[in-house]
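Structure first, commentary second.
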Amino acid sequence: MAHILPLPFVFTQSNLQSFLNCPYQFYLHYVLHFQWPAAQARDLLQFEADRLAGARFHQLVHQLFLGVSLPKLSQMAKNDPDTRVATWFETFTTTFPQTLPGELFPEYTLGVTLGGQELTAKYDLLQCDSGHFTIYDWKTSRRQPRKTWLAGQMQSRVFPLVLALHLDEINQPFTELRMVYWEAAQPERPYIFKSTAQTLVEDQAYILALMQKINRLSPADFHKTEDIQRCQYCRYRSYCNRGTQPPEDDQAFIEAHYLELAAEPEEVIFEDEIS
Ligand code: SF4
Numbered sequence: 057m058a059h060i061l062p063l064p065f066v067f068t069q070s071n072l073q074s075f076l077n078c079p080y081q082f083y084l085h086y087v088l089h090f091q092w093p094a095a096q097a098r099d100l101l102q103f104e105a106d107r108l109a110g111a112r113f114h115q116l117v118h119q120l121f122l123g124v125s126l127p128k129l130s131q132m133a134k135n136d137p138d139t140r141v142a143t144w145f146e147t148f149t150t151t152f153p154q155t156l157p158g159e160l161f162p163e164y165t166l167g168v169t170l171g172g173q174e175l176t177a178k179y180d181l182l183q184c185d186s187g188h189f190t191i192y193d194w195k196t197s198r199r200q201p202r203k204t205w206l207a208g209q210m211q212s213r214v215f216p217l218v219l220a221l222h223l224d225e226i227n228q229p230f231t232e233l234r235m236v237y238w239e240a241a242q243p244e245r246p247y248i249f250k251s252t253a254q255t256l257v258e259d260q261a262y263i264l265a266l267m268q269k270i271n272r273l274s275p276a277d278f279h280k281t282e283d284i285q286r287c288q289y290c291r292y293r294s295y296c297n298r299g300t301q302p303p304e305d306d307q308a309f310i311e312a313h314y315l316e317l318a319a320e321p322e323e324v325i326f327e328d329e330i331s
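Residues 57 to 331 (the working numbering) make up the sequence shown, in order.
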């Protein structure tokens, strides 16, 4: 077996999605840690600006659930150089319940071991209410993707699975496990996915097989994607000589936002348990 992954390697929804989108991108980013300056093209600069604005919005919501006063955070949002941050934050505070029942775990990371491999998930907000668990994820995309598309993304499969496996590890039963995508562009229409015993079994088998497959590959097996659309918001676009023109269809833009490639594997907090 090849074992080319840098150790310790932690699988996440981001790197698994990266592999599915383009094995070569996974290889460059997560195996070689290859630094390649993103092209100074207008579309990529806009993508980066969107990503950073979204990250600042996440920080504000995180602080809100930590108990920082709303007026103070609202002022911080208004001071943000990107006016969308204030708009998103106001939308959030006026449409999302400020008080949720049960215990709340904002920006919470869980890690489990599956088939000898570490798999982690970092949740924007985790709610535990008498056996009912809800994973919340905030999105700031330009428009909401199709629900069927989102259901197939690794985030929608990894996040519930990691939580279910963790609860199993600590012998904590649950009566409901669901994932809610709250989208700033359409706050009145969040996407809600409920996990069942069957979907969790299927996701576990699928994700385990995927991790095992990646572990077996040699460098030459990490092929470039044949879907050129995927290259349009990839930082390696010029390195791969995959064109310089912005996309004609903004569907790729939406996917790029939802992929949310993390710069580094998430920090794992194994010692914190939901009680
Ligand atoms: S530019 Fe395209 S082929 Fe190259 S790593 Fe990115 S997605 Fe893969």
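Think of the CB as a built atom: it goes at the ideal place given N, C-alpha and C, for glycine as much as any other residue.
Does DSSP classify K280 as helix, strand or coil?
DSSP places K280 in coil when its eight states are reduced to three.
Could you please give the first and the last residue of the uninterrupted alpha helix (DSSP H) stretch that includes W333?
No statement about residue 333 is possible, as the shown extent of the chain runs from 57 to 331 and does not include it.
Could you tell me the boundaries of the beta strand (DSSP E) in which F249 lies?
Per DSSP, F249 belongs to the beta strand (DSSP E) from Y247 to K250.
Lining residues of the ligand SF4 - beta-carbon closer than 6 Å to any non-hydrogen atom, in sequence order:
Counting only heavy atoms of the ligand SF4, the residues whose C-beta sits closer than 6 Å to one of them are, along the chain, C78, Y80, Q81, L84, K280, T281, R286, C287, C290, Y292, R293, C296 and R298.
Any contact of the region 153–170 with the region 212–220, i.e. 3+ C-beta pairs under 8 Å?
These segments touch.
Starting from I191, follow the beta strand (DSSP E) in both directions and report where the run begins and ends.
Secondary structure note for I191: its beta strand (DSSP E) is the uninterrupted segment H188 to K195.
If you draw a straight line from the alpha carbon of P64 to that of Y292, how long is it in whole angstroms?
When rounded, the separation of the alpha-carbon atoms in P64 and Y292 is 25 Å.
Can you tell me the Cβ-Cβ gap for G345 and L88, rounded? I've got them flagged as a contact below 8 Å.
In the structure as shown, the chain begins at 57 and stops at 331. Residue 345 is therefore absent and cannot be evaluated.
What residue range does the beta strand (DSSP E) around V168 cover?
Per DSSP, V168 belongs to the beta strand (DSSP E) from E159 to L170.
In this structure, how does DSSP classify D106 when only helix, strand and coil are distinguished?
DSSP places D106 in helix when its eight states are reduced to three.
Can you look up D138 in the DSSP assignment and give me helix, strand or coil?
Looking at D138 - three-state DSSP - the assignment turns out to be coil, as it is neither helix nor strand.
C-beta contact flag for T9 and T255 at 8 Å
Nothing about residue 9 can be reported from this structure: the residues present for the chain run from 57 to 331 only.
Within the region 66–95, ranges of the alpha helix (DSSP H) (whole runs, at least 4 residues)
The region 66–95 contains these whole alpha helix (DSSP H) runs: 69–77 and 79–82.
Distance between K178 and A240 (C-alpha atoms, nearest Å):
Distance between the alpha carbons of A240 and K178: 20 Å.
What is the residue span of the beta strand (DSSP E) that T176 lies within?
DSSP places T176 inside the beta strand (DSSP E), whose first and last residues are Q173 to D185.
Tell me which residues share the same chain as E232 and place their Cβ nearer than 6 Å to its Cβ, disregarding the 5 neighbours each side in the sequence.
Apart from the 5 residues on each side of it in sequence, E232 sits with its Cβ closer than 6 Å to the Cβ of H188 in its chain, given in chain order.
Since F113 contacts T196 with CB under 8 Å, what's their CB separation in whole angstroms?
Yes, they are in contact, since the Cβ atoms of F113 and T196 sit about 6 Å apart, within 8 Å.
Along the chain, where does the alpha helix (DSSP H) that runs through S212 open and close?
M210 to E225 is the extent of the alpha helix (DSSP H) around S212.
DSSP three-state label for S130, please.
Helix at S130.
When DSSP labels each residue in this structure, what does P243 get in the three-state scheme?
Reduced to three states, the DSSP call for P243 is coil.
Residues in the same chain with beta-carbon distance under 7 Å from L266, minus the five sequence neighbours each way, listed in chain order, please.
Its chain contains L72 as the residues whose beta carbon lies nearer than 7 Å to that of L266, once the 5 sequence neighbours on both sides are disregarded; these appear in chain order.
Which of helix, strand or coil DSSP assigns to C287:
Helix.
Option nearest R140 by Cα separation, candidates G110, R213 and S212
Ranking the options by Cα distance to R140, first place goes to G110.
Counting only the same chain and skipping the five closest in sequence on each side, list residues whose C-beta sits under 7 Å from that of Q81.
S74, C290 and Y292, listed in sequence order.
Is P275 near the ligand MG, judged by its Cβ being under 7 Å from some heavy atom?
Judged by which ligands are present, the ligand MG is missing from the structure shown, whose ligands are the ligand SF4.
According to the neighbour-count rule (16 or more other Cβ atoms, all chains shown, within 10 Å of its Cβ), is D224 buried or exposed?
So D224 ends up on the exposed side.
Return helix, strand or coil for N271, following the three-state DSSP convention.
Helix at N271.
Does the region 198–206 touch the region 242–249, meaning 3 or more C-beta pairs lie closer than 8 Å?
When C-beta atoms of the region 242–249 are compared with those of the region 198–206, three or more pairs fall below 8 Å, so the two segments count as touching.
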